[in-house]
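Trainee: Quick note: the sequence shown uses our numbering, first residue 1, plus one each step.
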Amino acid sequence: MRRKDRQIEDASEIVRILERCETGFLATCGTEMRPMATPVNYVYGNGSIFFHCALQGRKLDNISSNPNVGFTVATDIDIDRETMTTHYSSVMVEGIASVVDSPTKKKEIICLLIGKLAAEGAGCTEETAARTNIVEIKITSLVGKKNKR
Numbered sequence: 001m002r003r004k005d006r007q008i009e010d011a012s013e014i015v016r017i018l019e020r021c022e023t024g025f026l027a028t029c030g031t032e033m034r035p036m037a038t039p040v041n042y043v044y045g046n047g048s049i050f051f052h053c054a055l056q057g058r059k060l061d062n063i064s065s066n067p068n069v070g071f072t073v074a075t076d077i078d079i080d081r082e083t084m085t086t087h088y089s090s091v092m093v094e095g096i097a098s099v100v101d102s103p104t105k106k107k108e109i110i111c112l113l114i115g116k117l118a119a120e121g122a123g124c125t126e127e128t129a130a131r132t133n134i135v136e137i138k139i140t141s142l143v144g145k146k147n148k149r
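1) So, does the stretch 108-127 touch the stretch 62-78, judging by three or more C-beta pairs under 8 Å?
2) Between which two residues does the alpha helix (DSSP H) containing glutamate 13 stretch?
3) Roughly how many whole angstroms lie between the Cα atoms of arginine 16 and methionine 84?
4) Apart from the five residues on each side of it in sequence, which residues of its chain come closer than 6 Å, Cβ to Cβ, to serine 65?
5) Determine the closest residue to valine 93 out of Ser102, Thr28, Val100, with distance taken between C-alpha atoms.
6) Based on Cα-Cα distance, which residue from Cys21, Ile8, Glu9, Ile14 lies nearest to leucine 117?
7) Starting from the C-beta of asparagine 68, find all residues in its chain whose C-beta is less than 7 Å away, skip the five residues before and the five after it, and write them out in chain order.
8) Note the first and the last residue of the continuous beta strand (DSSP E) segment covering threonine 85.
9) Which residue or residues does DSSP assign as beta-bridge partners of alanine 74?
10) If you draw a straight line from the C-alpha of phenylalanine 25 to the C-alpha of cysteine 124, how long is it?
11) What's the C-alpha gap between serine 12 and arginine 34?
Take a look at the structure:
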């Protein structure tokens with residue numbers, strides 16, 4: 001990182017940012033070498049990021065042909081228009097993405113996503129797990145960066 005003064009050194013602060021954010025941006029690139037950045041809802045746990053998606057589509061095609069992905073979250077964004085400075089907290093991840101095959105693990109992650117994102121009383125069912133893919137990003141590199149007032 002070029003701006004070492006903005007690097008977050010405290011691992012627990014990086015984890016707090018990942019746990020607090022609800023949406024991250026997944027960067028993939030498939031065989032056609034067309035980059036794609038997609039906003040996804042996610043949960044963080046056990047050194048991995050998990051998100052839900054459809055059973056098919058370009059995102060999965062890209063991951064299938066090239067499992068190396070990037071993932072970014074940002075929060076506390078505030079633009080100081082007087083100084084043209086953006087204040088923020090962010091985490092940038094590199095990792096290896098794969099579809100979760102285990103029905104038990106899929107349901108567990110879906111329940112975590114529902115607990116984080118859904119209204120009280122939303123159900124976590126086998127039917128939901130059957131019609132949803134869960135992708136796990138095993139983190140290989142993790143960097144936190146912030147510019148606070």
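We put the CB at the ideal spot given by N, CA and C, even for glycine.
Mentor: Judging by the given coordinates:
1) No, they do not touch.
2) Boundaries of the alpha helix (DSSP H) harbouring glutamate 13: 11-20, taken from the DSSP string.
3) So the alpha carbons of these two residues sit roughly 27 Å apart.
4) Once the five neighbours on either side are set aside, the close Cβ partners of serine 65 are Gly30, Thr31.
5) Nearest option by C-alpha distance: Thr28.
6) Of the listed residues, the one whose Cα sits closest to leucine 117 is Cys21.
7) Within the same chain, asparagine 68 has close Cβ partners Ile96.
8) Counting along the chain, the beta strand (DSSP E) containing threonine 85 begins and ends at 85-99.
9) Under DSSP, alanine 74 takes part in a beta bridge, and its partners are Ser90.
10) Phenylalanine 25 and cysteine 124: Cα-Cα distance of roughly 25 Å.
11) Roughly 35 Å between the two C-alpha positions.
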